[in-house]
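Engineer: Keeping their order, the protein sequence lines are chains V and G.
Mapping the first sequence onto the working numbering, position 88 (from 1) lands on 88, and the numbers just tick up by one.
Mapping the second sequence onto the working numbering, position 209 (from 1) lands on 564, and the numbers just tick up by one.
Note that the Cβ used here is the ideal one computed from N, Cα and C, for glycine as well.
Keep in mind it's a predicted model, so treat the numbers as computed, not measured.
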Amino acid sequence: MTKKTRRNIYRTARLTAFYIFVSGVTIAMLLPLYFIVSLSFLSTREAYRYPLPLLPALNVEYKLTHGERGYLLSVYDPIDKEYQTVLDTGDLEKMSVYMKSQLGAPMSVPEIEQQIARLEHEAPVFFTRRKSLLYNYETFFKVAGTGQAVPALIRSLEICAMTIAISLTIGGMAGYAFARYTFRGRDALKFSVLFVRMFPGVAIAMPMVIILVNMGFYDAPIGLSLVYSVGSIALTIWITASIFMGIPVSLEEAAQVFGATKIQAFLRVTLPLSLPGLAACAMYAFLGAWNETVAAIILTQFNPTFSVVVYQTVLGAVGQVNLAAAGGMVMALPAVIFTFFIRRYIHQMWGGVTV
Amino acid sequence: MATLQLKNLTKRFGKKVVAVKGINLEVHDGEYLVLLGPSGCGKTTTLRMIAGLEEVTDGEIILDGVDITDLPPRKRDISMVFQSYAVWPHMTVYDNIAFALRLKKMNRSEIDRTVREVAGMTKIAEFLDRYPFQLSGGQRQRVAVARAIAVKPKLFLMDEPLSNLDAKLRVATRTELKAIHHKTHATTVFVTHDQSEAMSIADRIVIMKDGEIMQIGTPEEVYDQSASIFVADFIGTPPTNFLDVELVREGETLYLVNPHIKLPLSAENAARLRGYDKRELVLGIRPENILLTSADEADLSAACLVAEPQGSHQVVAVELDDKLLKIVAPARPKVRSGETVHLTFKQESLRFFDRESGARI
Ligand SMILES: Nc1ncnc2c1ncn2[C@@H]1O[C@H](COP(=O)(O)OP(=O)(O)O)[C@@H](O)[C@H]1O
Ligand SMILES: [Mg+2]
């Protein structure tokens, strides 16, 4: 074996190990995601069978015969490749509900009666129904807090928008001051803004409730967005301060020399250049406000946020893991969309402009 | 087209640092004035005060008879080329140049005409649609210049605009800057620490040190009639040679004496030193004013330490005690190191300085 081939083998081995590692990490991250997505489309029966189907079935194949107590309903199991009995009842109402809630392929009572009529001539009868894939999602919105889901969703978006606005204006201004001006105790002050993140929300829940009640902001979106802003302002200050520090003062000075006021110089030069950083801050503020549940449970009563509604539904959906998965998906989707858009924006700015 | 006056202009940073110590200066209409000095002497601070970017501690800035000391930068009718260029990275070259014009509410066609005119003048016409990051350093520098001349200011400020360019480009660009000045005739204050740059482009040079003005004059004046040891040393390469000498009278003749030399003074030089009451002084002489000569006419003979051929001339260095004396001599005959050279000093080019204050006598 020559030296060269040995080196080649070594390099190939190293590369292979690297790819195995990378794919391992990727799989470890993607697998849970895959399961929750797939789970949210499964019917309850599918969700509780073992092994778990990798993909939701698109159709349900029914088999109906006479049974001991009335009619015997079986469904085809694509994994075991056989019909399995699921119900033996004479109560068609019950059968209809079962088809809907457990199998996700609903049939009305008259439709079932039609099939029963066929039993006169032949037994068993086979028929196929299209599965309603979004059943879990529909149920989630119906079940969740008796029609609270949509208002809660809007309320949550409102809170997120306010949190972003508050933390970007206050945090951004403070970050600018930290970046551009030297004053006594600047570093200590900058460090101390992180202290607010030291306390777990639950620990200071009671004082927060009292303060918000006194302000008249208890159970109101503005109250929650104030609470969320406290945390995200701190991070916004740190992110924007470093962004502003990276933008040379001379760019602003040049704008002033060439006819701009201080404000115009900021708006036309520094602000556009700091947009990627501000977008990152906005993303952070959004995710923080969107996902937060503990404070929201404590600080709301009749006007819960979406995360609270999801939380309650998931709690109430004992024995319906697929419904919980759908709730999780509904919760995650806006965050994913927002992140996706803003990420593209961050990338675009950082890729296109170097300061 | 404007005149600029600085009256007792002072800048303090905090309590201790006095960056500019009450300077007085007048820049004439259409003049190309260069602020020259070693780094840290307060050139940038002075320029930034004129621009309005630095608050003035004391004194006045008067542009065309109007006191602009407390005006914000945008109301001063000036423009500036920054050392770092400070072209805006998120705007195209066109937008960079048009920025000030748009703020002035100039109409579109006029903006377009002006942008293309100055882009042509600075040779960046083909880059108007590009972003600064798509340009080289030299091109970015041109954008900064184009942006500054587009506004047709009363006063044009430049803070070491060439210092970030490589040596060859720097020399080419300074010629172009001067050519642009010939077209615009804009009153200009140009800051640099490079004396050869200053010599080559200035109408007048202001030499600064530690926040004070050491001398103001044309390039010829500051070179030939340097006001102090500092100026004579700072201007010119190689710099002026300095010799510590004693003034000795023997009969009617005055001599400058030190262990290596006994130099009789001409009548004019003797007249100049007549009123001087100290015996010790510093003799300054530029390297090209020391001539190679024959042994019997020599004021000084010494062994050559090194000779550096420069093509058109050679620089010969001899060692006196631990000091080097440099001579700029014709390229031929070639001097070899170790060879004894015979030197004579041009009487009319001798300059005398006080040993304590460094001031010219
Ligand atoms: N913002 C500042 N704060 C404190 N000292 C400063 C500041 N800017 C400049 N200085 C000091 O003022 C002096 C002059 O600086 P500067 O004008 O930049 O010199 P130059 O441009 O001639 O190199 C230097 O000693 C410098 O340290
Ligand atoms: Mg400087």
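At a CB-CB cut-off below 9 Å, which residues of chain G make contact with Ser-242(V)?
Structural biologist: By Cβ distance, chain G contributes nothing, its closest Cβ being about 17 Å from Ser-242(V), past 9 Å.
Engineer: Quick check on Leu-189(V): does DSSP put it in helix, strand or coil?
Structural biologist: DSSP places Leu-189(V) in helix when its eight states are reduced to three.
Engineer: Once you ignore the five residues that flank Gly-277(V) on each side, which residues in its own chain have a CB closer than 7 Å to its CB?
Structural biologist: Taken in chain order, the residues that qualify are Ile-239, Thr-240 and Ile-243.
Engineer: Report whether the distance from the Cβ of Thr-539(G) to the nearest heavy atom of ligand 2 is below 7 Å.
Structural biologist: No, the beta carbon of Thr-539(G) sits no closer than 7 Å to any heavy atom of ligand 2.
Engineer: Assign Asn-363(G) to buried or exposed, taking buried as 16 or more other Cβ atoms, counted over all protein chains shown, within 10 Å of its Cβ.
Structural biologist: Answer is exposed; the Cβ neighbour count stays below 16.
Engineer: If we define contact as Cβ-Cβ less than 8 Å, is Phe-341(V) a contact residue for chain G?
Structural biologist: No, its Cβ sits nowhere closer than 8 Å to a Cβ of chain G.
Engineer: Give the list of continuous alpha helix (DSSP H) stretches no shorter than 4 residues that lie fully inside the segment 215-278 of chain V.
Structural biologist: Correct list: 221-246, 249-257 and 262-265.
Engineer: Considering just the uninterrupted stretch of the beta strand (DSSP E) at Asp-709(G), what are its terminal residues?
Structural biologist: Unbroken beta strand (DSSP E) run through Asp-709(G): 706-709.
Engineer: For chain V, find out if any of its Cβ atoms is closer than 8 Å to the Cβ of Lys-459(G); answer yes or no.
Structural biologist: Taking Cβ atoms only, chain V reaches closer than 8 Å to Lys-459(G), which makes this a yes.
Engineer: Quick check: is any heavy atom of ligand 1 less than 7 Å from the C-beta of Phe-35(V)?
Structural biologist: No.
Engineer: Quick one: Cα of Val-150(V) to Cα of Pro-56(V), how far?
Structural biologist: Those two C-alpha atoms are separated by around 27 Å.
Engineer: Which residues count as close to ligand 1 when the rule is a CB under 5 Å from any of its heavy atoms, in chain order?
Structural biologist: Here the list is Phe-368(G), Val-372(G), Ala-374(G), Ser-394(G), Gly-395(G), Cys-396(G), Gly-397(G), Lys-398(G), Thr-399(G) and Thr-400(G).
Engineer: With a cut-off of 8 Å, does the C-beta of Met-404(G) fall near any C-beta of chain V?
Structural biologist: Judged by the 8 Å Cβ criterion, Met-404(G) is not in contact with chain V.
Engineer: Between Glu-386(G) and the rest of its own chain, which residues show a CB-CB distance below 8 Å, the 5 nearest in sequence each way excluded?
Structural biologist: Result list for Glu-386(G): Thr-542, Thr-543, Asp-558 and Arg-559, in chain order.
Engineer: Starting from the beta carbon of Ser-439(G), find every residue of chain V whose beta carbon is closer than 7 Å, and list them in chain order.
Structural biologist: Residues of chain V passing the Cβ test: Pro-248 and Ser-250.
Engineer: Is Glu-515(G) near ligand 2 - that is, is its Cβ less than 7 Å away from at least one heavy atom of it?
Structural biologist: The answer is yes for Glu-515(G).
Engineer: With the cut-off set at 8 Å, would you say Thr-365(G) and Val-372(G) are in Cβ contact?
Structural biologist: Against a cut-off of 8 Å, the Cβ pair of Val-372(G) and Thr-365(G) comes out as no contact.
Engineer: List, in order along the chain, the chain G residues whose C-beta lies closer than 8 Å to that of Pro-272(V)?
Structural biologist: Neighbours of Pro-272(V) on chain G, chain order: His-445.
Engineer: If you run the structure through DSSP and keep just helix, strand and coil, what is Tyr-34(V)?
Structural biologist: It is helical.
Engineer: Can you name the residues of chain V whose CB is closer than 9 Å to the CB of Ser-518(G)?
Structural biologist: Within 9 Å Cβ-Cβ: nothing; Ser-518(G) doesn't reach chain V, min ~14 Å.
Engineer: Quick check: Tyr-228(V) and Glu-292(V), are their CB atoms within less than 8 Å of each other?
Structural biologist: Their beta carbons are under 8 Å apart, which means Tyr-228(V) touches Glu-292(V) by this criterion.
Engineer: Ignore the nearest five residues each way along the sequence and tell me which others in Asn-519(G)'s own chain have a CB closer than 8 Å to its CB.
Structural biologist: Hits under 8 Å: Gln-438, Ser-439, Tyr-440, Gly-492 and Gln-496.
Engineer: Just to confirm before moving on: does the CB-CB distance between Ala-650(G) and Ser-656(G) stay below 8 Å?
Structural biologist: Against a cut-off of 8 Å, the Cβ pair of Ser-656(G) and Ala-650(G) comes out as a contact.
Engineer: Within the present structure, is the beta-carbon of Glu-601(G) separated from the nearest heavy atom of ligand 4 by less than 7 Å?
Structural biologist: Ligand 4 is not among the ligands present in this structure, which contains only ligand 1 and ligand 2.
Engineer: Identify which residue in Thr-539(G), Glu-515(G) and His-540(G) has its Cα closest to the Cα of Thr-528(G).
Structural biologist: Ranking the options by Cα distance to Thr-528(G), first place goes to Glu-515(G).
Engineer: Please confirm whether Thr-182(V) has its beta-carbon closer than 8 Å to some beta-carbon of chain G.
Structural biologist: So no, Thr-182(V) is outside the interface.
Engineer: Closer than 8 Å by C-beta to Pro-200(V): which residues in its own chain qualify, once you throw out the five before and the five after it? Chain order, please.
Structural biologist: Counting only Cβ-Cβ distances below 8 Å, and skipping sequence neighbours, we find nothing.
Engineer: With burial defined as no fewer than 16 other Cβ atoms inside 10 Å of the residue's Cβ, what is the status of Thr-354(V): buried or exposed?
Structural biologist: Low confidence applies here, because Thr-354(V) scores a pLDDT of 44, under 50, leaving its location unreliable and the question unanswered by this model.
Engineer: Rank Ile-297(V), Thr-339(V), Ser-232(V) and Tyr-176(V) by C-alpha distance to the C-alpha of Ser-274(V) and give the top, closest one.
Structural biologist: Ranking the options by Cα distance to Ser-274(V), first place goes to Tyr-176(V).
Engineer: Tell me the rounded alpha-carbon separation between Ala-587(G) and Ser-581(G).
Structural biologist: Their backbone Cα atoms lie some 5 Å apart in a straight line.
Engineer: Where do the N-terminal and C-terminal ends of the alpha helix (DSSP H) with Met-554(G) fall, by residue?
Structural biologist: Start and end: 550-556.
Engineer: May I ask you to list, following chain order, the residues of the segment 408-422 of chain G that have a beta carbon less than 7 Å from some beta carbon of chain V?
Structural biologist: From the segment 408-422 of chain G, only Leu-408 have a Cβ closer than 7 Å to chain V.
Engineer: Where Cys-160(V) and Ser-167(V) are concerned, what is the direct C-alpha to C-alpha distance, given to the nearest angstrom?
Structural biologist: For Cys-160(V) and Ser-167(V), the distance between alpha carbons rounds to 10 Å.
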